[in-house]
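So the number in this note's numbering is just where the residue sits in the sequence shown, counting from 1, plus 1. Quick reminder that beta carbons are idealized off the backbone N, C-alpha and C, glycines included.
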Amino acid sequence: MDIVVPDEFKYLYVTNADRPVVKIPDPVLRKVCNEVTAVTKKTDELIKSMLHALRLANGIGLAAPQMGSLERIIIVAPAGTKPLVLVNPVITEKHGEQIGQEGCLSIPGLYGDVLRAESVEVQAFDRKGKPVSYEMAGLPARVVQHEVDHLDGVLFIDKVDMATLHWSHPETDDEVE
Ligand code: ZN
2 MDIVVPDEFK
12 YLYVTNADRP
22 VVKIPDPVLR
32 KVCNEVTAVT
42 KKTDELIKSM
52 LHALRLANGI
62 GLAAPQMGSL
72 ERIIIVAPAG
82 TKPLVLVNPV
92 ITEKHGEQIG
102 QEGCLSIPGL
112 YGDVLRAESV
122 EVQAFDRKGK
132 PVSYEMAGLP
142 ARVVQHEVDH
152 LDGVLFIDKV
162 DMATLHWSHP
172 ETDDEVE
């Protein structure tokens, strides 16, 4: 789907120090990311820049390709929780269904309902390279599914219920990933 950004939202589609997240139609968002083979100082710097970008944008999740890096790293940070950094995340189990609104820091201002699994089990490595696994339900599960999709070049607009797709100014408290 080609997204035509309305004039009044175009100011959100710049990339600068205040808005470091990559926006559509940057092709990096459509690439499949590579597994991280070793957690190095460079990995840590990327993670720090992701955490910074997420704070600046007041987002609830972010994936490395949104910083222009084709590495399998995501951050999951639903409001009020400590950001969870996952390296090489793999969703190993999915249960149930939930429908909820999503947005994306790479498609600012656009929102719509997406069907996701209600709960997931995810296996990954933490930012020190230690294996971790989590069971998540509800919003955290939704964020993980949205971010893991980013690592495969998939965006929420590929899965959205078209009838619910709409533009809204993100200064309101919509949650974005
Ligand atoms: Zn996103």
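* Hey, is GLU72 close to ligand 1, as in C-beta under 6 Å from one of its heavy atoms? -> no
* To do: Answer with buried or exposed for PRO132, where buried requires no fewer than 16 other C-beta atoms within 10 angstroms of its C-beta.
  => exposed
* Take the Cβ of ALA125 as the centre, count every other Cβ of all protein chains shown within 10 Å, and call the residue buried at 16 or more, exposed below. => buried
* To do: Could you work out which residue in GLN102, ARG117, LEU116 is closest to GLY110 when comparing CA atoms only?
  => GLN102
* Asked: First and last residue of the beta strand (DSSP E) that includes GLU95?
  -> At residue 95 the sequence reads Lys, which differs from the Glu that was named. Counting along the chain, the beta strand (DSSP E) containing LYS95 begins and ends at 85-96.
* **Beta-carbon gap between VAL22 and LEU106 smaller than 7 Å** => yes
* Asked: Relative to the alpha-carbon of SER120, which residue among GLY139, LYS32, ARG128 has its alpha-carbon at the smallest distance?
  -> GLY139
* What's the call for ASN89, buried or exposed, on a 16-neighbour Cβ count within 10 Å? -> buried
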